[in-house]
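Chemist: In our numbering, the protein residues as written are 3 to 623. Glycine included, C-beta positions come from ideal geometry on N, C-alpha and C. Treat the numbers as computed from the prediction; the structure is a model and nothing was measured. Dumping the structure here so I can ask a few things about it.
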Amino acid sequence: MGVSKGVRRWAWIVMPGDLLHLDELLPGLAVLPVKHGSLAFAEAARKAVLEHKFQRVALDLPFVVADEFCQAVERLPEIWATTWMQEERRWILPADPCDACTTAARIAMQERIQLVFVDDESPTALQDDPDLPDPSVVETLGAAEYAGICLPSLEKLSDDSTRLRAVRMAERLRNLPAAKTLLVVRLALLPDLLRELAIPSTAIPDEELEHPISALELLPLEPKHLLFALGEWPFVAQEAERLRQDPFEQIPSSRAWTGRLLGWARRRHLERRKASRIPLSQLKMTVRFAERLARHSGAHQPSLWDVVQAARATSGDSFATAVLEAAKFHGHEPLERARLKVGPFRAKTPDDESRPWTHRLLPRPPQWAQVKLRREPEPEEARKWIRDWKPLSLCSHLPEDIAIERFNREVRERAKSRSVSNQPRSRPFESSLLDGLDMRETVRNFWKGEIWVKDFPPRELKLDAAVIAFDEGGPFEYPHRGTWYAEHQNESTLIFYATDPAADPIGPGILRSRYGGLGLLFPPRQVPDVFAMSEPPLGARTALETLVAGVCLFARQKAVAYAAWEPPSLALQSIAHTVGKRLIHVPLSTFPATALEKLRTFHVLNGKETRGWADRFIQGE
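What follows is the structure in structure tokens.
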């Protein structure tokens, strides 16, 4: 396989896997072409060093920072970075656990393999071709085959800077003692390096390569700023570190990280917002949406922007914020307080020196896209909202009232359809034609000499009450219990138990809660608060039994719709039978899980005037 026009062909063997074996160019040399900052290439480097008995590992990193970089690698999982000044610009080289050089250096030091640095301190940043295939395909193709696909595009990146670095790198490799060597080198340098190994150029004078560096030091990176310094999300770096410690765990494929991130964000979101749960079906919808956004932009895997946008569209601003925070989270925080802070364009050292900065391995500046998310309240701000609360002026959020009434009607209609069949039955003629002659059955039974007639079932049951039992719960999980009376004739009287709304303020005069169960009586009527009675009605022992007892006591019809995950227990049936009622079960599993979760969450407003600005805070929930 040739590298470029005008260069003779040589025999280099691409073995199945990741390595380019270049024994005919330089005895004992194997090359692992990588794209820096990619977990897929980092795992390829880890596999190559562990599976092959190399005597030396060579990295495409500046030899002048070797000691500092090795110290940073030894301090993993804390993220430290080597930083220096060069040509009025700050350069940063972090020990990224998702980078091939960091991984290869780490394994080499653990296995006591010689480690050498073969690049120089050139002030010119090498950039990868943005049109290269997504690095995740390395998991199936292997790094060698991936490099073969990329070579035609990489040829276009060759310039004086890359050729100069390739010349010096090839010279250092040739000057090393003979040994079985693994070279980890970025793809952008590969064409020029192969050309130089095949046909050495005239030596370049050392003075042409002198670019002095200053202020070389090793600093811990601020955990909140790791998103700007690492190739993968900090969450991925953290999880990859954890999985590597377990011999029975494997690093998942690139496609699986989106789901892992959403699942982790879901758990943190639930811990923070007890009133908001995200069903698994909704997470799957978010993953599919993020993948579609990625394909629309021509990417193989969703970016963080894709995932956050998908989370916002499917589950609201609060969950999207949790996803963003989860992606930025790295659990290992350095003990040192003097930390290097990096932003999109400038880096700030502990002595407050702020300068433009360049990543040594990932020089391409990040592409920014705006996502407008409603901010979460600060703790002091939330406490102020609670202190200003007026307990005697509670009211509901009108859109949620409409939704719950619509659901109430749907539950009652389904209960009616489950109580009787709407299909007519046929029976032989006895004394009456009932609802008419059934010609089909009559013809079918003509040989018997029988006449068959239709018998329609009785009319639908009348229902004026419904119980919706999401969770039986306990007094500590659902302490907020009471009765809300209708504001007008088109609303139901509401009996409920729910989470404590005071624990989840989301705006001035706006609290959020989550139903455990609720009962609805329509048309509305004045009823006593069953949860405030001195003795639980009808011998009820739990919140759900009290709710069912209250609804059955004040329902005017003989049947009560009971929407729950499981059929009513014997205790609930006994309570209903005591007052001459029967419960008709409507499985909640027949309703969309996303709709149920949205229905369970409701907001308590501090006065009707709060309705004027409530949408600003509730929208997106």
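With a Cβ-Cβ cutoff of 9 Å, do Arg527 and Thr603 count as a contact?
Modeler: For Arg527 and Thr603, no; Cβs fall outside 9 Å.
Chemist: Report the three-state DSSP secondary structure of Ile280 (helix, strand or coil).
Modeler: Ile280 falls in the coil class under three-state DSSP.
Chemist: For the candidate residues Leu342, Ala315, Arg269, Val186, whose alpha-carbon lies nearest to that of Leu221?
Modeler: Out of Leu342, Ala315, Arg269, Val186, Leu342 has the C-alpha closest to the C-alpha of Leu221.
Chemist: Taking His482 as the reference, which of Asp161, Lys464, Gly582, Ala504 has the closest Cα?
Modeler: For His482, the nearest C-alpha among the options comes from Ala504.
Chemist: Under the three-state reduction of DSSP, which class applies to Val309: helix, strand or coil?
Modeler: Three-state DSSP puts Val309 in a helix.
Chemist: For Glu123 and Leu375, what's the separation of their Cα atoms in angstroms?
Modeler: Rounded to whole angstroms, Glu123 to Leu375 spans 42 Å at the Cα level.
Chemist: Between the beta-carbon of Arg92 and the beta-carbon of Thr85, is there less than 9 Å?
Modeler: Yes. Within cutoff.
Chemist: What ranges does the alpha helix (DSSP H) occupy inside the region 340-403, keeping only unbroken runs of at least 4 residues that lie completely in it?
Modeler: Runs of the alpha helix (DSSP H) inside the region 340-403: 381-389.
Chemist: Among the candidates Leu21, Ala74, Val325, Ala267, whose CA atom is the shortest distance from the CA of Gly150?
Modeler: Considering only alpha carbons, the answer is Leu21.
Chemist: Report all residues from its chain with a CB closer than 7 Å to the CB of Ala42; omit the five preceding and five following residues, and keep chain order.
Modeler: Cβ within range, chain order: Pro137, Ser138, Val140, Glu141, Ser256.
Chemist: Locate the alpha helix (DSSP H) running through Gly265, then write down its first and last residues.
Modeler: Looking at the DSSP string, the run of the alpha helix (DSSP H) that includes Gly265 is 258-274.
Chemist: How is the alpha helix (DSSP H) around Thr685 delimited, first residue to last?
Modeler: Here the chain covers residues 3 to 623 and nothing more, so residue 685 does not appear.
Chemist: Which runs of the alpha helix (DSSP H) spanning at least 4 residues fall entirely within the region 484-568, listed in chain order?
Modeler: Within the region 484-568, the complete alpha helix (DSSP H) runs of at least 4 residues are 545-556.
Chemist: Kindly list the residues whose CB is nearer than 6 Å to the CB of Val413, restricted to its own chain and excluding five residues on each side of it in sequence; keep chain order.
Modeler: Excluding positions up to five away in sequence, the list reads Ala468, Ala563, Ala565, Val588.
Chemist: Drop a sphere of 10 angstroms on the beta-carbon of Ala180, count the other beta-carbons inside from all chains shown, and report buried for 16 or more, exposed for fewer.
Modeler: Exposed, since its Cβ has fewer than 16 Cβ neighbours within 10 Å.
Chemist: Would you check if the distance between the CB atom of Thr323 and the CB atom of Phe291 is smaller than 9 Å?
Modeler: Cβ atoms of Thr323 and Phe291: not closer than 9 Å.
Chemist: Roughly how many angstroms separate the alpha carbons of Tyr517 and Phe458, rounded to a whole number?
Modeler: Answer to the nearest angstrom: the Cα atoms are 40 Å apart.
Chemist: Determine the direct distance from the alpha carbon of Phe498 to that of Arg357, and round the result to whole angstroms.
Modeler: Taking the straight line from one Cα to the other gives about 59 Å.
Chemist: Over what stretch of residues does the beta strand (DSSP E) that includes Ser428 continue unbroken?
Modeler: Start and end: 427-430.
Chemist: To the nearest angstrom, how far is the alpha carbon of Leu63 from that of Ala146?
Modeler: Going by the C-alpha atoms only, they are around 21 Å apart.
Chemist: Check whether the Cβ atoms of Ala551 and Pro538 lie closer than 9 Å to each other.
Modeler: Yes, Cβ-Cβ distance for Ala551 and Pro538 is below 9 Å.
Chemist: Whose C-alpha, out of His54, Leu263, Arg165, Ser283, is nearest the C-alpha of Phe593?
Modeler: Cα-wise, what sits closest to Phe593 is Ser283.
Chemist: Measure the C-alpha to C-alpha separation of Gly233 and Glu383 and round it to an integer number of angstroms.
Modeler: The alpha-carbon atoms of Gly233 and Glu383 are separated by roughly 36 Å.
Chemist: Our contact map puts Leu24 next to Leu199 with C-beta atoms below 8 Å; I'd like the distance itself, whole angstroms only.
Modeler: Sure, about 7 Å apart at Cβ, within 8 Å.
Chemist: The beta strand (DSSP E) spanning Arg91 covers which residue range?
Modeler: Per DSSP, Arg91 belongs to the beta strand (DSSP E) from 91-96.
Chemist: Taking C-beta to C-beta, are Gly484 and Gly519 nearer than 9 Å?
Modeler: No. Outside cutoff.
Chemist: Nearest by alpha-carbon distance to Ala417: which of Leu585, Thr164, Leu78 is it?
Modeler: Cα-wise, what sits closest to Ala417 is Leu585.
Chemist: Could you spell out the range, first to last residue, of the beta strand (DSSP E) harbouring Asp121?
Modeler: Counting along the chain, the beta strand (DSSP E) containing Asp121 begins and ends at 116-121.
Chemist: Taking 8 Å as the cut-off, does the region 51-59 touch the region 181-195 (at least 3 CB pairs, one atom from each stretch)?
Modeler: Yes, they touch.
Chemist: Take every Cβ of the region 541-551, pair it with every Cβ of the region 568-587, and state whether three or more of those distances are shorter than 8 Å.
Modeler: Touching, yes, given that three or more Cβ pairs across the two stretches are closer than 8 Å.
Chemist: Have a look at Val66, Gly451, His334, Met171 and flag the residue whose alpha-carbon is nearest the alpha-carbon of Phe431.
Modeler: Per the Cα distances, Gly451.
Chemist: Starting from Asp162 and walking both ways along the alpha helix (DSSP H), at which residues does that stretch end?
Modeler: First-last of the alpha helix (DSSP H) with Asp162: 162-177.
Chemist: Helix, strand or coil for Thr126 per DSSP?
Modeler: Thr126: coil per DSSP, three-state reduction.
Chemist: Assuming Val455 and Asp466 are in contact, meaning their beta carbons sit under 8 Å apart, how far apart are those beta carbons, in whole angstroms?
Modeler: Contact flag wrong, Cβ pair sits at about 34 Å.
Chemist: With distance defined between alpha-carbon atoms, name the residue in Arg297, Ala46, Leu601 nearest to Ile404.
Modeler: Nearest option by C-alpha distance: Leu601.
Chemist: Examine the Cβ distances between the region 96-110 and the region 163-174 and report whether three or more of them are shorter than 8 Å.
Modeler: Counting Cβ pairs under 8 Å, fewer than three are found: no touch.
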